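Novice:
Chains as they are written, first to last, in the numbering used here: chain Y, 503 to 802; chain U, 503 to 802.
1) Just curious, the alpha helix (DSSP H) that residue 535 (chain Y) is in, first and last residue?
2) So, with DSSP's three-state summary, where would you put residue 793 (chain Y)?
3) Shorter than 8 Å from the beta carbon of residue 801 (chain Y) to some beta carbon of chain U?
4) Could you pull the DSSP bridge partners for residue 583 (chain Y) from this structure?
5) Which of helix, strand or coil does DSSP assign to residue 678 (chain Y)?
6) Report yes if the CB atom of residue 574 (chain U) is closer than 8 Å to the CB atom of residue 547 (chain U), and no otherwise.
7) Assess, as a yes-or-no matter, whether the stretch 528-544 of chain Y is touched by the stretch 781-791 of chain Y under the definition of 3 or more beta carbon pairs within less than 8 Å.
8) Output, in chain order, the set of chain U residues within a Cβ distance shorter than 8 Å of residue 587 (chain Y).
9) What are the residues in the stretch 729-756 of chain Y lying within 9 Å of chain U by C-beta distance?
10) Determine the contact status of residue 558 (chain U) and residue 604 (chain U), defining contact as a CB-CB distance below 8 Å.
11) Could you tell me whether any Cβ in chain Y is nearer than 8 Å to the Cβ of residue 557 (chain U)?
12) Please name the residue or residues paired with residue 526 (chain Y) in a DSSP beta bridge.
13) Kindly say whether residue 709 (chain Y), judged by its beta-carbon, lies nearer than 8 Å to any beta-carbon of chain A.
14) Under 8 Å by Cβ, that's how I've got residue 545 (chain U) and residue 609 (chain U) pegged, so tell me the actual separation to the nearest angstrom.
15) Quick check: the Cα distance between residue 701 (chain U) and residue 656 (chain Y), rounded to an integer number of angstroms?
16) Just checking: is the beta-carbon of residue 688 (chain Y) within a distance shorter than 8 Å of some beta-carbon in chain U?
17) With burial defined as no fewer than 16 other Cβ atoms inside 10 Å of the residue's Cβ, what is the status of residue 568 (chain U): buried or exposed?
18) To the nearest angstrom, how far is it from the Cα of residue 479 (chain U) to the Cα of residue 720 (chain U)?
19) Based on the DSSP output, what are the partners of residue 673 (chain Y) in its beta bridges?
20) Consider the Cβ of residue 715 (chain U): report whether some Cβ of chain Y lies at a distance smaller than 8 Å.
21) Is it a yes or a no for the stretch 710-727 of chain U touching the stretch 508-517 of chain U, going by three-plus beta-carbon pairs under 8 Å?
22) State yes or no: is the beta carbon of residue 685 (chain Y) nearer than 8 Å to at least one beta carbon in chain U?
23) Can you check which of these residues, U:628, U:636, U:693, U:736, is closest to residue 659 (chain U) by C-alpha distance?
24) Please state whether DSSP places residue 616 (chain Y) in a helix, a strand or coil.
25) Whole-angstrom Cβ separation of residue 773 (chain U) and residue 732 (chain U), contact assumed at under 8 Å?
26) In the DSSP assignment, the beta strand (DSSP E) including residue 721 (chain Y) goes from what residue to what residue?
27) Under 8 Å between beta-carbons, which chain U residues line up against residue 579 (chain Y)? List them in chain order, please.
28) For a contact meaning CB atoms closer than 8 Å, what does residue 591 (chain Y) contact in chain U?
29) Under 8 Å, do residue 671 (chain U) and residue 740 (chain U) count as touching if we go by C-beta distance?
30) From the beta carbon of residue 722 (chain Y), is the nearest beta carbon of chain U less than 8 Å away?
31) Measure the alpha-carbon distance for residue 586 (chain Y) versus residue 523 (chain Y) and round it to whole angstroms.
32) Nearest chain U C-beta to residue 614 (chain Y) closer than 8 Å, yes or no?
33) Can you tell me whether DSSP reads residue 742 (chain Y) as helix, strand or coil?
34) Can you give me the start and stop residues for the beta strand (DSSP E) that residue 571 (chain Y) sits inside?
35) Against chain U, does residue 705 (chain Y) count as a neighbour if the rule is that its beta carbon must be under 8 Å from one of theirs?
36) Tell me whether the beta-carbon of residue 801 (chain Y) lies closer than 8 Å to the beta-carbon of residue 769 (chain Y).
Laid out in structure tokens, this is it:
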């Protein structure tokens, strides 16, 4: 079933203790779409500037991603992020952010895109996420991401959004902030009581936790020794998960858990190189093989 | 099969953001023995002072723990630790340590104890752990714990010990320190190459990672919402694991993984109250029920 994502498209400059890359393809909607494209057809909505290299669009369309919702702002510049990872490769510092075209971007969905059944609202202001949600006619499943900035400065908008979505994906530290509770299990449940049917906490190298009406569980990260750049891991996780759900066309508890596992596996590839470099080298068969290893890892 | 543990016996004073308890029963060998006692018979070796309440010994013997190796030092005082947990309940500050009888304790095993087949060397100086190991005649499985202090100040002794043991259990941060690598997967493998056949990294609320000759895997912590006091979680984990292995009388990969899962489940009870309070309320049937939940949590 059609999967729609609205989010950022970026040119990232990333420094890690070992290496550095400038102006590589990034952004939440990009990582999400590419990860989801291994499972289902994806419709991407976002804005770029005139500096956007056409080859990046070609890379996405080559994966079957529908880029007709990619809006080029005349005279605009693409969103840029520069960050630096600390030696533990989990914590990072943002060195520069240039919102550029994102400052004024107001997504307008085409009639076809409004019919999407699976919707992912990647990180953005809760008010903007709400305006996108309102354009989609009858989504079967709506999942949103958020971040500490909106929890701090647009909390009311966020709380309104939470009553309108099915699922929320956020980092563990953000859940603690939103719930005002340092215990992850209590924090996850508290966020769920704010509206969404399920909440997924991303714990970076420690995996992800699921909170639903009837169950709470943790799935660990796939233990890859080759962590080169964690940028995009969370969005790839969400992309793998939503892509699998859209492919299956359902999201009952068992499928949701499998989908989370696929998300974890895809994210474990993403972090093995900068940008989409590692994802560009793999196919569904490799994902399935790693999924099988992951399944064995946890069976006893 | 008989399981022997040598380690500390303590009176702990613990402050958490919510509550505080003074002079409660603690120590690595105590948490270990009690956790292991749900699975197998345990022989405990350690030293206490004349201030040691006899009721603590009775608590242990009531669980079938052989306390004939509990040595009361004439005129001595029991080891005391005072600590305070930060609001995240993972990080803690040590406020006071009084080694007392541990300063001069030199374990001498009885002829019967020397025949132990499963041996756990709880945290202590690597030289002392080695002297205990040398007294055990033909152990089938020897596992040791260690800590950052010995990695920093007795590294050579520790490296010698690592060539003599089958398994090492340590915290994730300690593995990074010992291996000089911030990536957990690489660090775990590097420690394994220092000698032990397997290495288990304890990640607190994030579970534990196993590194063996043929496999690496992660098992998440059981997500309990009721974390009251994490003290003793690591030693309870080791106790549940070694107790199960001693009960089964074998430690091939599949049994090792099951044993780790039992250790994780027992530790999830330990943290639900101070000292041994929560473990005193449960039985093997409750452990098995939570184990079944844990198994379901990770099957998809």
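Idealized CB from N, CA, C, for every residue including glycine.
All values derive from a computational prediction rather than experimental measurement.
Specialist: Judging by the given coordinates:
1) Per DSSP, residue 535 (chain Y) belongs to the alpha helix (DSSP H) from 530-538.
2) Residue state, collapsed to three classes: helix.
3) By this cut-off, residue 801 (chain Y) is an interface position.
4) Beta bridge pairing from DSSP links residue 583 (chain Y) with Y:514, Y:599.
5) Residue state, collapsed to three classes: helix.
6) For residue 574 (chain U) and residue 547 (chain U), no; Cβs fall outside 8 Å.
7) Enough Cβ pairs lie closer than 8 Å, so yes.
8) Here the premise fails: no neighbours, minimum Cβ distance about 10 Å.
9) Within the stretch 729-756 of chain Y, the residues whose Cβ lies closer than 9 Å to some Cβ of chain U are 729, 756, listed in chain order.
10) When the beta-carbon positions are compared, residue 558 (chain U) and residue 604 (chain U) stay at least 8 Å from each other.
11) Residue 557 (chain U) does not count as touching chain Y.
12) Looking at the DSSP assignment, residue 526 (chain Y) forms a beta bridge with Y:514.
13) Of the protein chains in the structure, Y and U, none is chain A.
14) Their Cβ separation, rounded to whole angstroms, is 12 Å, which puts residue 545 (chain U) and residue 609 (chain U) out of contact at 8 Å.
15) Their Cα atoms are separated by approximately 46 Å.
16) Any Cβ of chain U closer than 8 Å to the Cβ of residue 688 (chain Y) would place that residue at the interface, and such an atom is present.
17) The C-beta of residue 568 (chain U) has 16 or more other C-beta atoms within 10 Å across all chains shown, which makes the residue buried.
18) Because residue 479 (chain U) is not part of the residues shown, which for chain U are 503 to 802, the question remains open.
19) As DSSP reads the structure, residue 673 (chain Y) sits in a beta bridge with Y:704.
20) The Cβ of residue 715 (chain U) sits no closer than 8 Å to any Cβ of chain Y.
21) Result no; under three Cβ-Cβ pairs closer than 8 Å.
22) Chain U has a Cβ within less than 8 Å of the Cβ of residue 685 (chain Y).
23) With distances taken between Cα atoms, residue 659 (chain U) lies closest to U:628.
24) Residue 616 (chain Y) carries a helical assignment under DSSP once its states are collapsed to helix, strand and coil.
25) A Cβ-Cβ separation of about 5 Å places residue 773 (chain U) in contact with residue 732 (chain U) under the 8 Å criterion.
26) Here the beta strand (DSSP E) through residue 721 (chain Y) covers 718-721.
27) Ordered by position in chain U, no residue passes the 8 Å Cβ test against residue 579 (chain Y), which lies about 35 Å from the chain.
28) Chain U residues near residue 591 (chain Y): 684, 685.
29) The Cβ atoms of residue 671 (chain U) and residue 740 (chain U) lie closer than 8 Å to each other.
30) By this cut-off, residue 722 (chain Y) is an interface position.
31) So the two alpha carbons sit approximately 11 Å from each other.
32) By this cut-off, residue 614 (chain Y) is not an interface position.
33) Of the three classes helix, strand and coil, the one that applies to residue 742 (chain Y) here is helix, per DSSP.
34) Run containing residue 571 (chain Y): 568-574, per the beta strand (DSSP E) assignment.
35) Taking a beta-carbon distance threshold of 8 Å, residue 705 (chain Y) counts as an interface residue toward chain U.
36) Their beta carbons are not under 8 Å apart, which means residue 801 (chain Y) does not touch residue 769 (chain Y) by this criterion.
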